[in-house]
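Shown next, in C-alpha coordinates, is the structure this report addresses.
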Amino acid sequence: MSARLQLPEESARDYLGCLRLLVFAAFPNCPPVVTDAVLTAHFRAVIRDDHLRRKLIKKPDLTSDQLLSLVQDYEDHYGPSLTTPCFAASLVQRKETRSVVTQTYRNFTHPSRGIQAPVAEV
(Lines of atoms letter the chains of each structure in order from A and count residues from 1; the text may use other names and numbers.)
(Lines give C-alpha, C1' and ligand atoms only; values in the text may rest on other atoms or scores of the structure.)
Protein backbone atom coordinates (compact mmCIF):
# COMPACT_ATOMS: atom_id res chain seq x y z
CA MET A 1 0.00 0.00 0.00
CA SER A 2 2.78 2.44 0.82
CA ALA A 3 4.23 1.95 -2.65
CA ARG A 4 1.06 3.30 -4.29
CA LEU A 5 1.75 6.91 -5.25
CA GLN A 6 -0.48 9.36 -7.02
CA LEU A 7 -0.04 9.03 -10.76
CA PRO A 8 0.83 12.18 -12.72
CA GLU A 9 -2.58 12.53 -14.41
CA GLU A 10 -4.70 11.06 -11.60
CA SER A 11 -7.09 13.32 -9.73
CA ALA A 12 -7.03 13.40 -5.94
CA ARG A 13 -10.53 11.89 -5.86
CA ASP A 14 -9.50 8.92 -8.03
CA TYR A 15 -6.32 8.44 -6.02
CA LEU A 16 -8.27 8.47 -2.76
CA GLY A 17 -10.68 5.87 -4.15
CA CYS A 18 -7.83 3.52 -5.06
CA LEU A 19 -6.11 4.14 -1.76
CA ARG A 20 -9.29 3.38 0.23
CA LEU A 21 -9.57 -0.02 -1.43
CA LEU A 22 -5.93 -0.80 -0.66
CA VAL A 23 -6.23 0.25 2.99
CA PHE A 24 -9.37 -1.80 3.55
CA ALA A 25 -7.76 -4.81 1.85
CA ALA A 26 -4.53 -4.43 3.83
CA PHE A 27 -6.28 -4.04 7.20
CA PRO A 28 -9.49 -6.10 6.91
CA ASN A 29 -10.07 -6.78 10.62
CA CYS A 30 -8.94 -3.45 12.07
CA PRO A 31 -11.40 -1.02 13.61
CA PRO A 32 -12.45 1.92 11.43
CA VAL A 33 -10.51 4.36 13.61
CA VAL A 34 -7.24 2.65 12.65
CA THR A 35 -8.00 2.37 8.94
CA ASP A 36 -9.13 6.01 8.84
CA ALA A 37 -5.92 7.13 10.54
CA VAL A 38 -3.76 5.11 8.12
CA LEU A 39 -5.70 6.35 5.10
CA THR A 40 -5.58 9.99 6.15
CA ALA A 41 -1.88 9.91 7.07
CA HIS A 42 -0.84 8.24 3.82
CA PHE A 43 -3.06 10.48 1.69
CA ARG A 44 -1.67 13.62 3.35
CA ALA A 45 1.90 12.47 2.89
CA VAL A 46 1.63 11.48 -0.77
CA ILE A 47 -0.90 13.87 -2.36
CA ARG A 48 0.81 16.12 -4.92
CA ASP A 49 -1.51 19.12 -4.66
CA ASP A 50 0.12 21.42 -2.07
CA HIS A 51 -3.00 23.54 -1.54
CA LEU A 52 -5.10 20.46 -0.79
CA ARG A 53 -2.37 19.08 1.48
CA ARG A 54 -2.37 22.32 3.51
CA LYS A 55 -6.15 22.09 3.88
CA LEU A 56 -5.84 18.50 5.11
CA ILE A 57 -3.13 19.32 7.62
CA LYS A 58 -5.43 21.89 9.27
CA LYS A 59 -7.99 19.15 9.99
CA PRO A 60 -6.22 16.55 12.14
CA ASP A 61 -8.80 13.82 12.82
CA LEU A 62 -10.75 12.95 9.70
CA THR A 63 -12.73 9.81 9.02
CA SER A 64 -12.51 8.31 5.55
CA ASP A 65 -15.99 9.66 4.71
CA GLN A 66 -15.05 13.16 5.88
CA LEU A 67 -11.83 12.97 3.89
CA LEU A 68 -13.72 11.92 0.77
CA SER A 69 -16.27 14.71 1.12
CA LEU A 70 -13.49 17.28 1.71
CA VAL A 71 -11.66 16.14 -1.44
CA GLN A 72 -14.91 16.15 -3.44
CA ASP A 73 -15.75 19.67 -2.26
CA TYR A 74 -12.22 20.83 -3.05
CA GLU A 75 -12.31 19.40 -6.58
CA ASP A 76 -15.83 20.73 -7.20
CA HIS A 77 -14.64 24.21 -6.21
CA TYR A 78 -11.15 24.26 -7.76
CA GLY A 79 -11.49 21.59 -10.44
CA PRO A 80 -9.74 18.22 -10.50
CA SER A 81 -6.36 18.43 -8.85
CA LEU A 82 -4.37 16.90 -11.67
CA THR A 83 -0.64 17.02 -11.35
CA THR A 84 1.95 17.29 -14.07
CA PRO A 85 5.35 15.76 -13.50
CA CYS A 86 8.46 17.88 -13.52
CA PHE A 87 10.21 17.43 -16.87
CA ALA A 88 13.65 16.88 -15.35
CA ALA A 89 12.36 14.32 -12.84
CA SER A 90 10.41 12.40 -15.47
CA LEU A 91 13.43 12.36 -17.81
CA VAL A 92 15.69 10.99 -15.07
CA GLN A 93 13.08 8.41 -14.09
CA ARG A 94 12.70 7.32 -17.72
CA LYS A 95 16.47 6.82 -18.09
CA GLU A 96 16.70 4.83 -14.86
CA THR A 97 13.88 2.48 -15.79
CA ARG A 98 15.17 1.46 -19.22
CA SER A 99 15.89 -2.23 -19.36
CA VAL A 100 18.99 -3.75 -20.91
CA VAL A 101 16.90 -5.18 -23.75
CA THR A 102 15.32 -1.81 -24.55
CA GLN A 103 18.64 -0.01 -24.47
CA THR A 104 20.33 -2.68 -26.61
CA TYR A 105 17.50 -2.47 -29.15
CA ARG A 106 17.81 1.32 -29.25
CA ASN A 107 21.59 1.09 -29.71
CA PHE A 108 21.17 -1.16 -32.76
CA THR A 109 18.24 0.65 -34.36
CA HIS A 110 19.24 4.28 -33.77
CA PRO A 111 22.46 5.76 -35.10
CA SER A 112 24.94 6.93 -32.52
CA ARG A 113 24.64 10.61 -31.65
CA GLY A 114 27.65 10.89 -29.42
CA ILE A 115 26.69 10.21 -25.81
CA GLN A 116 24.47 7.20 -25.23
CA ALA A 117 22.15 6.76 -22.28
CA PRO A 118 23.50 4.51 -19.53
CA VAL A 119 22.26 0.93 -19.46
CA ALA A 120 20.53 -0.26 -16.29
CA GLU A 121 22.36 -3.04 -14.51
CA VAL A 122 20.64 -6.39 -14.17
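In case it helps, full-length UniProt numbering puts the sequence shown at residues 1 to 122. Every residue gets a Cβ at the ideal spot worked out from N, C-alpha and C, and that includes glycine. None of the values given here were measured: they were computed from a predicted structure.
Between the stretch 47-66 and the stretch 9-25, the count of Cβ pairs shorter than 8 Å is three or higher; the stretches touch. Classified as buried, Tyr74 has 16 or more neighbouring CB atoms from the shown chains inside 10 Å of its CB.
DSSP, read as helix, strand or coil, puts Cys30 in coil. Residue state for Leu5 is assigned as coil, using DSSP reduced to three classes. The Cβ neighbour count for Ser64, taken over all protein chains shown within 10 Å, is at least 16; the residue is labelled buried. For the set Arg54, Arg20, Ser2 and Arg4, the Cα lying nearest the Cα of Leu68 is the one of Arg20. Thr35 is not a Cβ neighbour of Leu62, given a cutoff of 8 Å. A straight line joining the alpha-carbon of Pro80 with that of Cys30 spans about 31 Å.
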